[in-house]
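Report on the following structure.
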Amino acid sequence: MESFWLAVTALGRDEVFIVVLALYTWLVRPRGGRDLGVAFALSYLVNTALKYGLDLPRPFTSDPALASEAARATGGGPGLPSGHAQMSATLWGGIAAQLRRPAFTAAALALVAVIAASRLVLHVHYPSDVIVGLLLGTLFALWAARGDFPLEDLGRWGVPVVVLLVSLLFPAGTPRELGVGLGMLAGFWASRPTFTPPTDWTGRLIVAVLGLTVVFAAYFLLAALPDALKDLPLVRALRYGGLVLLATHGVPALLRRWLPQETGRNVPFTAAAPVR
6 MESFWLAVTA
16 LGRDEVFIVV
26 LALYTWLVRP
36 RGGRDLGVAF
46 ALSYLVNTAL
56 KYGLDLPRPF
66 TSDPALASEA
76 ARATGGGPGL
86 PSGHAQMSAT
96 LWGGIAAQLR
106 RPAFTAAALA
116 LVAVIAASRL
126 VLHVHYPSDV
136 IVGLLLGTLF
146 ALWAARGDFP
156 LEDLGRWGVP
166 VVVLLVSLLF
176 PAGTPRELGV
186 GLGMLAGFWA
196 SRPTFTPPTD
206 WTGRLIVAVL
216 GLTVVFAAYF
226 LLAALPDALK
236 DLPLVRALRY
246 GGLVLLATHG
256 VPALLRRWLP
266 QETGRNVPFT
276 AAAPVR
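Under the working numbering, think of the first position of the sequence shown as 6, with each following residue one higher.
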């Protein structure tokens, strides 16, 4: 039975979040994907700050026998709040809040609930860790639905520059989550997806397969950098910021046959209204 819960908890991994954010942006709502990405990055940073700032233990900290070795491997860093619970709630809750489709909302809530439950069943989090993570994730999901992020030209590049400069303040050995979160925030804030998603299933399949191939090829290529280099917070931030821009601008440019630019681009870039 543990293998089932390990498979469920794996749905809260970074790689899964990358796939979902990319597919949602390419195939469903490009501008909504940008707003969701900004909220997701902010949620990620808040989770990291609280987790390492509070530095609270996990259930197996004092008694390793509580959790198997495989389960403990899914629980890096301190305990509160649960990253799996918070980030899953932010991602799936954010999509549900943007789309406002009852069937999808029910499925999203069920998925978040089972991922959160897996953290308790595997004994890698206390109930309080999961509850706080779910509450924070819900707040950021609602924020993602508002799309209330500045879009002016100066702010577009000013915020990412400041974010990258902040990453310079942290030494090597800083928790990886910090560089990842800063990079995602810089990349999504600078993104301006103005393409149109494909409307036919053939186009969607082509975009999904080729787009993810490009993104993960870059992901694994950058992961092959020397440890002494890629573990620097600035380098990690640049890696993840670059991946976001590759997904939101590079892939649409490569696959412009299936992701054509919107016409009538005289109107400014603004967040799209929720689908009702």
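Glycine included, C-beta positions come from ideal geometry on N, C-alpha and C.
Between residue i and residue j, how many whole angstroms is the CB-CB distance? I'm expecting something under 8 Å.
i: A121; j: V137; result: That belief does not hold up - the Cβ atoms of A121 and V137 are roughly 11 Å apart, past 8 Å.
i: Q91; j: N52; result: 5 Å
i: V129; j: T79; result: 6 Å
i: T95; j: A27; result: That belief does not hold up - the Cβ atoms of T95 and A27 are roughly 16 Å apart, past 8 Å.
i: L264; j: V219; result: About 12 Å; that fails the 8 Å criterion.
i: R63; j: G88; result: Actually they do not touch by this definition, with Cβ atoms about 12 Å apart.
i: A76; j: L147; result: Not a contact, Cβ separation roughly 31 Å.
Whole angstroms is fine: what's the gap from residue i's alpha carbon to residue j's?
i: L169; j: F175; result: 11 Å
i: G186; j: G247; result: 13 Å
i: A115; j: F193; result: 27 Å
i: V166; j: L190; result: 11 Å
i: K235; j: F9; result: 33 Å
i: T207; j: L59; result: 48 Å
i: L251; j: A118; result: 32 Å
i: G178; j: S93; result: 26 Å
i: A70; j: R197; result: 49 Å
i: S67; j: L61; result: 12 Å
i: V280; j: R18; result: For V280, the predicted model reports a pLDDT of 46, less than 50, meaning its position is unreliable; a value from the coordinates is still stated below. Those two C-alpha atoms are separated by around 28 Å.
i: L230; j: A15; result: 25 Å
i: L141; j: R262; result: 39 Å
i: R161; j: A46; result: 16 Å
i: A278; j: E74; result: Note on A278: pLDDT 48, under 50, position unreliable in the model; the coordinate value appears next. Roughly 46 Å between the two C-alpha positions.
i: V240; j: L227; result: 10 Å
i: R209; j: G255; result: 17 Å
i: Y224; j: R106; result: 32 Å
i: A222; j: A108; result: 34 Å
i: A12; j: T268; result: 43 Å
i: E182; j: T253; result: 21 Å
i: A242; j: M6; result: 38 Å
i: A195; j: V249; result: 9 Å
i: S48; j: A233; result: 27 Å
i: Y245; j: S123; result: 27 Å
Consult DSSP for residue i and reduce its assignment to one of helix, strand or coil.
i: F175; result: coil
i: F145; result: helix
i: F200; result: strand
i: R261; result: coil
Compute the distance between the beta-carbons of residue i and residue j, then report whether it is under 8 Å.
i: G184; j: S172; result: yes
i: A5; j: L32; result: The structure shown does not extend to residue 5, since the chain spans only 6 to 281, so no value can be given for it.
i: P86; j: K56; result: yes
i: G98; j: T143; result: yes
i: F65; j: A72; result: yes
i: G82; j: P180; result: yes
i: L260; j: G188; result: no
i: T204; j: Q266; result: no
i: P132; j: L139; result: no
i: I100; j: A113; result: yes
Measuring only from the beta carbon, is residue i closer than 7 Å to any heavy atom that is part of the ligand SAM?
i: R39; result: For the ligand SAM, the structure offers nothing, since it holds no ligand at all.
Stretch pair the stretch 143-153 + the stretch 8-25: three plus CB contacts closer than 8 Å:
Verdict: no, contact absent.
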